[in-house]
Amino acid sequence: MPRNLPQSELENFPSLEWQDIAPQIAPDYRAALEQVLETQDGGTLSREQSLLIANAEGDDLLGLLVAANDLRRELVGNLVTYVVNRNINFTNICFVGCKFCAFSRGPRESDTYFLNPDEVAHKAKEAWELGATEVCIQGGLPHGLPPFYYRDILRAVKNVTPRMHIHAFSPMEIVYGVELTGMRLEDYLPMLRDNGLDTLPGTAAEILDDQVRNILSRNKLSTEQWIEVIQTAHRCGIRTTSTLMYGHDETTAHWVDQILLLRTIQRETGGLTEFVPLGFVHQNTLLFHQGLARSGPTLAEHLKIHALARVMLAGSINNIQVSWVKLNRKLSQLCLHAGANDYGGTLMEENISREAGATAGQYTSPEDFQSMILEIGRIPAERNTTYTRINIKQQPEQFTSEHPLEPEFA
Numbered sequence: 190m191p192r193n194l195p196q197s198e199l200e201n202f203p204s205l206e207w208q209d210i211a212p213q214i215a216p217d218y219r220a221a222l223e224q225v226l227e228t229q230d231g232g233t234l235s236r237e238q239s240l241l242i243a244n245a246e247g248d249d250l251l252g253l254l255v256a257a258n259d260l261r262r263e264l265v266g267n268l269v270t271y272v273v274n275r276n277i278n279f280t281n282i283c284f285v286g287c288k289f290c291a292f293s294r295g296p297r298e299s300d301t302y303f304l305n306p307d308e309v310a311h312k313a314k315e316a317w318e319l320g321a322t323e324v325c326i327q328g329g330l331p332h333g334l335p336p337f338y339y340r341d342i343l344r345a346v347k348n349v350t351p352r353m354h355i356h357a358f359s360p361m362e363i364v365y366g367v368e369l370t371g372m373r374l375e376d377y378l379p380m381l382r383d384n385g386l387d388t389l390p391g392t393a394a395e396i397l398d399d400q401v402r403n404i405l406s407r408n409k410l411s412t413e414q415w416i417e418v419i420q421t422a423h424r425c426g427i428r429t430t431s432t433l434m435y436g437h438d439e440t441t442a443h444w445v446d447q448i449l450l451l452r453t454i455q456r457e458t459g460g461l462t463e464f465v466p467l468g469f470v471h472q473n474t475l476l477f478h479q480g481l482a483r484s485g486p487t488l489a490e491h492l493k494i495h496a497l498a499r500v501m502l503a504g505s506i507n508n509i510q511v512s513w514v515k516l517n518r519k520l521s522q523l524c525l526h527a528g529a530n531d532y533g534g535t536l537m538e539e540n541i542s543r544e545a546g547a548t549a550g551q552y553t554s555p556e557d558f559q560s561m562i563l564e565i566g567r568i569p570a571e572r573n574t575t576y577t578r579i580n581i582k583q584q585p586e587q588f589t590s591e592h593p594l595e596p597e598f599a
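Residue numbers for the sequence shown, in my numbering: 190 to 599.
And the structure:
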């Protein structure tokens, strides 16, 4: 039986070195981790080995966390990146009814809002003037949305901020846009691209297993639809992120299968820029209050999912992001010690996690990011959305390092 790790020991794992913990790890766990440490390729693991690692407890878990951090250092170095962006949720009216969401409203509720394209563009212009290089635009799905509303948002934003990177519209919104316009997905995505869409969030994934999805939201797009949108976007030259929501009704087998699926997509298209584990915020959700989910992730789960992603995705998706808005300062720093290398965006405003009960705030300034990164002995760097330009922020000197553009993907 693995020993139970007290919280204090979990919180202090960054002080461990691989040579300290390796002798205490069970032989099969150690062999799997050393296999990836030696090859720097998570694709060498079998599904069985991945499941073994995903269920690590006690000293085996400590070994996973330390190995993930060593891999991170080898694959991406000591930089911790962030992007200066603004999050714009253009409406909270939504008919989908996801049980894990406390943000959406029915059309007759008193606190609904809906921004027209010019109002979204005004927020983008404000963000540009504050130094943002990206706007992340998503919203609820209201009935009666104008068929080309998403296109019109893109046009309005590019009209006032032509150099702003637009990271917008979840796969669920893309499916809705296809339904509204009657266009084929293969035509709809290039139309958005040609009107200013730069990259697509890989949100609306939650857990890519239809049995779990049926519990989370009966009206959400299917696993097959999510995959189709992401792969079609990549074929159209639109890169995407990838996500997984953990800490509700899923199992570690769901984690493993989803990460393996993302490796497969990346092998076929090369279009995924990063992986973002998203902890379930339970406090104000129907999913929790109806007894359909546990009360969010444990400390061990927060650390384990980031470390597991680093190990399994090594050599495939090398940018692992912490969602600071769902974590507190200390926990986000611990996850950076457990294999992650990116802090995400400044956001400027955030509604979805906050209304579900998250308390980390709506905005983290570049200076705050730099401070948190320096506190853990890493090097802060501002990036663009696709990680192709990085500006290192290291006092007292500052210098810019440009990564070469990545090769075209299929």
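For every residue, glycine included, the Cβ atom is placed at its ideal position computed from N, Cα and C.
None of these values were measured; they are calculated from a predicted model.
Where P191 and N244 are concerned, what is the direct C-alpha to C-alpha distance, given to the nearest angstrom?
Rounded to the nearest angstrom, the two C-alpha atoms are 11 angstroms apart.
With a 10 Å radius around its C-beta and 16 neighbouring C-beta atoms as the bar for buried, classify Q238 as buried or exposed.
The residue in question, Q238, is buried, as its Cβ has 16 or more Cβ neighbours within 10 Å.
Is the distance from the Cβ of T322 to the Cβ of N573 below 7 angstroms?
Going by C-beta atoms, T322 is nearer than 7 angstroms to N573.
Which residues mark the beginning and the end of the beta strand (DSSP E) in which K347 is found?
Looking at the DSSP string, K347 is not in any beta strand (DSSP E); the run it does join, the alpha helix (DSSP H), is 338–349.
Going straight from the alpha carbon of L386 to that of V364, what length do you get?
Looking at the two C-alpha atoms, the distance is approximately 15 angstroms.
H354 bridges to which residues according to DSSP?
Paired residue(s): E323.
CB N530 to CB V265, shorter than 7 angstroms?
Yes, the Cβ-Cβ distance between N530 and V265 is below 7 angstroms.
What is the residue span of the alpha helix (DSSP H) that S560 lies within?
Note, S560: alpha helix (DSSP H), 555–564.
Among L381, L253, T370, whose alpha-carbon lies nearest the alpha-carbon of G333?
When each option's Cα is compared against that of G333, the closest is T370.
How many angstroms separate the CA atom of P360 from the CA atom of F464?
Looking at the two C-alpha atoms, the distance is approximately 16 angstroms.
Does the region 509–516 come close enough to the region 324–343 that 3 or more CB-CB pairs lie under 8 angstroms?
No: fewer than three Cβ pairs fall under 8 angstroms.
Go ahead and label L319 buried or exposed: buried means 16 or more other beta carbons lie within 10 angstroms of its beta carbon, across all protein chains shown.
With fewer than 16 Cβ atoms within 10 Å of its Cβ, L319 is classed as exposed.
Are the Cβ atoms of I163 and Q522 separated by less than 7 angstroms?
Because the chain here runs from 190 to 599, residue 163 falls outside it and cannot be looked at.
Under a Cβ-count criterion, where at least 16 other Cβ atoms within 10 Å of its own Cβ denotes burial, should A498 be classed as buried or exposed?
By the 10 Å Cβ count, A498 comes out buried.
Count the C-beta pairs between the region 450–462 and the region 212–226 that are closer than 8 angstroms, then say yes if the count reaches three, no if not.
Too few Cβ pairs lie closer than 8 angstroms, so no.
If you check the beta carbons only, do A482 and L476 fall under 7 angstroms apart?
Taking 7 angstroms as the Cβ cut-off, A482 and L476 qualify as a contacting pair.
Please classify R236 as buried or exposed, where buried requires at least 16 other C-beta atoms within 10 Å of its C-beta.
Burial call: exposed.
Would D248 be called buried (16 or more neighbouring beta carbons within 10 Å of its own) or exposed?
With 16 or more Cβ atoms within 10 Å of its Cβ, D248 is classed as buried.
When DSSP labels each residue in this structure, what does G426 get in the three-state scheme?
Correct three-state label for G426: coil.
Please report the residue range of the beta strand (DSSP E) in which L467 lies.
Residues 461–468.
Give the C-beta separation of L205 and L251 to the nearest angstrom, bearing in mind that I take them to be a contact with Cβ-Cβ under 8 angstroms.
With a Cβ gap of about 6 angstroms, L205 and L251 count as contacting.
Identify whether A570 lies in helix, strand or coil by the three-state DSSP scheme.
Residue state, collapsed to three classes: strand.
Looking at the secondary structure, which residues open and close the beta strand (DSSP E) in which V273 lies?
It is not in any beta strand (DSSP E) - V273 carries neither H nor E in the DSSP assignment.
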